[in-house]
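Participant: Sharing a structure below in structure tokens format, with a few things to ask.
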Amino acid sequence: MEIVEASYGNVELTISFTGVLEPEMSVNVVHKTGGKVAEVRVKDGSLVRAGDVLIRLDAAEISAQVAQAEAALQMAQVQFETAAQALEDTRALYEEEIVSRQQFEQAETQYKVAEAQLAQAEAALQLARTYLDDTVITAPIGGTISSLSVNPGEIIAPGVPVAIINKMDMMEVSIQLTEKDVGRIAVGQEVGIEISAVSSELLEGEVTAISPVADPRTKTYEMKASLPNEGGRLKAGMTATIHAVVAAEKETVVVPVDAVLTQQGEQVVYIVEDGVAYCRPVTLGLENGSEVSVLEGLSPGEQVVVKGQHYLQDGGKVAVVGGGTAQ
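According to numbering that gives the first Met the number 0, the sequence shown is numbered sequentially starting from 0.
Right under this line is the structure:
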């Protein structure tokens, strides 16, 4: 027979769910028009900042289009300036009644046409330069490159991802909550996250999102928890188990679960006092699998039988040998 001393403590009810680590954010890198790859500056695993150059496309043809647009703009500028001067001169002559109104209106029309052609040339140059800028593919966000799928000389198709940038300063674990559990966890709640590939200790995480609508197929609610990825030791795809406390009783009398018996529909424990075993009815609270809180019927410091109590009778004598063992 073994005994332990009832003591104050905390009992927490924890539920656990297993999921997979994912980056906080993943962005597909795509090109809207496509083209031939001239240079690839990164590889899988490369760390990049927002705006860093990832890939350069062949820009020879577009560079020629830019040069052509620049020349067209220069010509349109000259024509506009000539038309503007002609309009000014014609207006002066018209005011002195040297030229007719028809001649003045003709000069005015030529000026408006030249002005429109200048605006059109400016827009064409701007568009050509935009196409030239687009031959340089840059990182939309900072992060780690993965799934890089192109090499120099290959053709990129419009809208097809060529790489993924993963923002991994924070990592996420997504799990599915049942209808029973969804109301027991709240956004902002701290959770312990077990990642055996990285640490034997629980890492600190936080619930960041809980879907308000159940998946119509599984009838479950998606929950996400995040945790910092200090030093980059957490990798996407690692197995992670979330441990969430859903109920707790603090500063309550605590005994091992094994100490509790059910006799005639009543929960009891046996205590030892002055060599005599007494059956004590108790009111229990939370149980975590190994310990249970006792709300009524037991005081801290009392000696509780945890092994051999099945053979005891109320008021029966026992001999305490010592070291938590009685006979």
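Glycine is no exception: its CB is placed at the ideal position from the N, C-alpha and C atoms.
1) Nearest to Glu265 by CA position, among Glu250, Ser173, Leu283 and Asp273, is which residue?
2) Exposed or buried, Ser292, counting other C-beta atoms within 10 Å across all chains shown (16 or more means buried)?
3) According to the neighbour-count rule (16 or more other Cβ atoms, all chains shown, within 10 Å of its Cβ), is Val267 buried or exposed?
4) In three-state terms, what does DSSP make of Gly321?
5) From what residue to what residue does the beta strand (DSSP E) around Leu202 run?
6) Quick one: what's Ala247 bridged to in DSSP?
7) Rounded to a whole number of angstroms, what is the C-alpha to C-alpha distance between Ala224 and Glu11?
8) Tell me the residue span of the beta strand (DSSP E) that contains Val161.
9) So the beta strand (DSSP E) Val291 belongs to, where does it begin and stop?
10) On the criterion of 16 or more Cβ atoms from any shown chain inside 10 Å, does Gln125 qualify as buried, or is it exposed?
11) Counting along the chain, where does the alpha helix (DSSP H) carrying Ile61 start and finish?
12) Could you tell me which uninterrupted beta strand (DSSP E) segments, each at least 3 residues in length, are contained entirely in the segment 220 to 270, listed from first to last along the chain?
13) So what does DSSP say about Gln175, is it helix, strand or coil?
14) Closest to Ile166 by CA distance: which of Asn150, Tyr269 and Ile144 is it?
15) Okay, do the segment 74 to 91 and the segment 114 to 133 touch, 3+ Cβ pairs below 8 Å being the bar?
16) To the nearest angstrom, how far is it from the Cα of Ala196 to the Cα of Gly231?
17) According to DSSP, Glu153 sits in a beta bridge with which residue or residues?
18) Identify the continuous alpha helix (DSSP H) that holds Arg279 and give its terminal residues.
19) Hey, out of Val317, Glu96 and Ala138, whose CA is closest to Tyr277's CA?
20) Going by the beta-carbon positions, is the gap between Thr134 and Leu53 smaller than 9 Å?
21) Just grab the DSSP bridge partners of Ile54 for me.
22) Do you know how far the Cα of Thr17 is from the Cα of Val212?
23) Note down, in chain order, each residue of its chain lying with its Cβ closer than 7 Å to the Cβ of Asn228, except the 5 sequence neighbours on either side.
24) For Gln188, which of helix, strand or coil comes out of DSSP?
25) How big is the Cα-Cα spacing for Ala162 and Gly34?
26) Between the C-alpha atoms of Val3 and Ser15, what's the straight-line distance to the nearest angstrom?
27) Taking C-alpha atoms, which residue in Gly307, Leu72 and Glu69 lies nearest to Met0?
28) Across which residues does DSSP place Gln302 in a beta bridge pair?
Facilitator: Per the coordinate set shown:
1) On the sequence shown, residue 265 is found 266 positions in, with the first residue counted as 1. Ranking Glu250, Ser173, Leu283 and Asp273 by Cα distance to Glu265 puts Leu283 first.
2) Within the sequence shown, residue 292 is the residue found at index 293, counting from 1. Looking at its Cβ environment, which holds 16 or more other Cβ atoms inside 10 Å, Ser292 is buried.
3) Stepping through the sequence shown from its first residue, residue 267 is reached at position 268. So Val267 counts as buried.
4) On the sequence shown, residue 321 is found 322 positions in, with the first residue counted as 1. With a pLDDT of only 48 at Gly321, under 50, the local geometry of the prediction cannot be trusted, and the value read off the model is given with reservation. Strand at Gly321.
5) The count along the sequence shown starts at 1 and reaches residue 202 at position 203. Looking at the DSSP string, the run of the beta strand (DSSP E) that includes Leu202 is Leu202 to Ile209.
6) Numbered from its first residue, the sequence shown carries residue 247 at position 248. Listed as beta-bridge partners of Ala247 by DSSP are Glu11.
7) As a working note, residue 224 is residue 225 in the sequence shown. As a working note, residue 11 is residue 12 in the sequence shown. Between Ala224 and Glu11, the C-alpha separation is close to 20 Å.
8) For the purposes of this step, residue 161 is taken as residue 162 along the sequence shown, with counting starting at 1. Counting along the chain, Val161 falls outside any beta strand (DSSP E), and DSSP gives it neither H nor E.
9) Here residue 291 refers to the residue found at position 292 when the sequence shown is read from its first residue. Its beta strand (DSSP E) spans residues Glu290 to Glu295.
10) For the purposes of this step, residue 125 is identified with residue 126 of the sequence shown, where counting begins at 1. Exposed, by the Cβ-count rule.
11) By 1-based counting over the sequence shown, the position of residue 61 is 62. For Ile61, the enclosing alpha helix (DSSP H) covers residues Ala59 to Glu94.
12) Restricting attention to beta strand (DSSP E) runs no shorter than 3 residues, the segment 220 to 270 encloses them at 220 to 227, 238 to 255 and 260 to 262, ordered along the chain.
13) Locating residue 175 in the sequence shown gives position 176, counting from the first residue. It is a strand residue.
14) Taking the first residue of the sequence shown as position 1, residue 166 is located at position 167. For the sequence presented, residue 166 should be read as Lys rather than Ile. Here the closest residue by C-alpha is Ile144.
15) Contact check between the segment 74 to 91 and the segment 114 to 133: three or more CB pairs, one atom from each, fall below 8 Å, which counts as touching.
16) For the purposes of this step, residue 196 is identified with residue 197 of the sequence shown, where counting begins at 1. For the purposes of this step, residue 231 is identified with residue 232 of the sequence shown, where counting begins at 1. CA-CA distance, Ala196 to Gly231, rounds to 13 Å.
17) Within the sequence shown, the letter at position 154 stands for residue 153. According to DSSP, Glu153 bridges with nothing at all.
18) Translated into the one-based positions of the sequence shown, residue 279 becomes position 280. Not the alpha helix (DSSP H): Arg279 falls in the beta strand (DSSP E), residues Val275 to Pro280.
19) Position 278 of the sequence shown, counted from the first residue, corresponds to residue 277. For Tyr277, the nearest C-alpha among the options comes from Val317.
20) As a first step, residue 134 is located in the sequence shown; it is residue number 135 there, counting from the start. As a first step, residue 53 is located in the sequence shown; it is residue number 54 there, counting from the start. Not in contact: Thr134 and Leu53 (Cβ atoms no closer than 9 Å).
21) Numbered from 1 along the sequence shown, position 55 holds the residue referred to as residue 54. DSSP, once it has assigned bridges, lists Val39 and Ile136 as partnering Ile54.
22) Numbered from its first residue, the sequence shown carries residue 212 at position 213. Numbered from its first residue, the sequence shown carries residue 17 at position 18. Looking at the backbone, the Cα of Val212 and that of Thr17 are separated by about 21 Å.
23) The count along the sequence shown starts at 1 and reaches residue 228 at position 229. So the list reads Met167, Asp168, Met169 and Met170, once near-sequence residues are dropped.
24) Residue numbering aside, residue 188 sits at position 189 when the sequence shown is read from its first letter. Reduced to three states, the DSSP call for Gln188 is coil.
25) Locating residue 162 in the sequence shown gives position 163, where the first residue counts as 1. Locating residue 34 in the sequence shown gives position 35, where the first residue counts as 1. Looking at the two C-alpha atoms, the distance is approximately 15 Å.
26) Within the sequence shown, numbered from 1, the residue matching residue 3 stands at position 4. Within the sequence shown, numbered from 1, the residue matching residue 15 stands at position 16. Linking Val3 to Ser15 through their CA atoms gives a straight-line distance of about 29 Å.
27) On the sequence shown, position 1 is the one that residue 0 refers to. Across the set Gly307, Leu72 and Glu69, the C-alpha of Gly307 shows the shortest separation from the C-alpha of Met0.
28) Here the question's residue 302 lines up with position 303 in the sequence shown. According to DSSP, Gln302 bridges with Glu4 and Val271.
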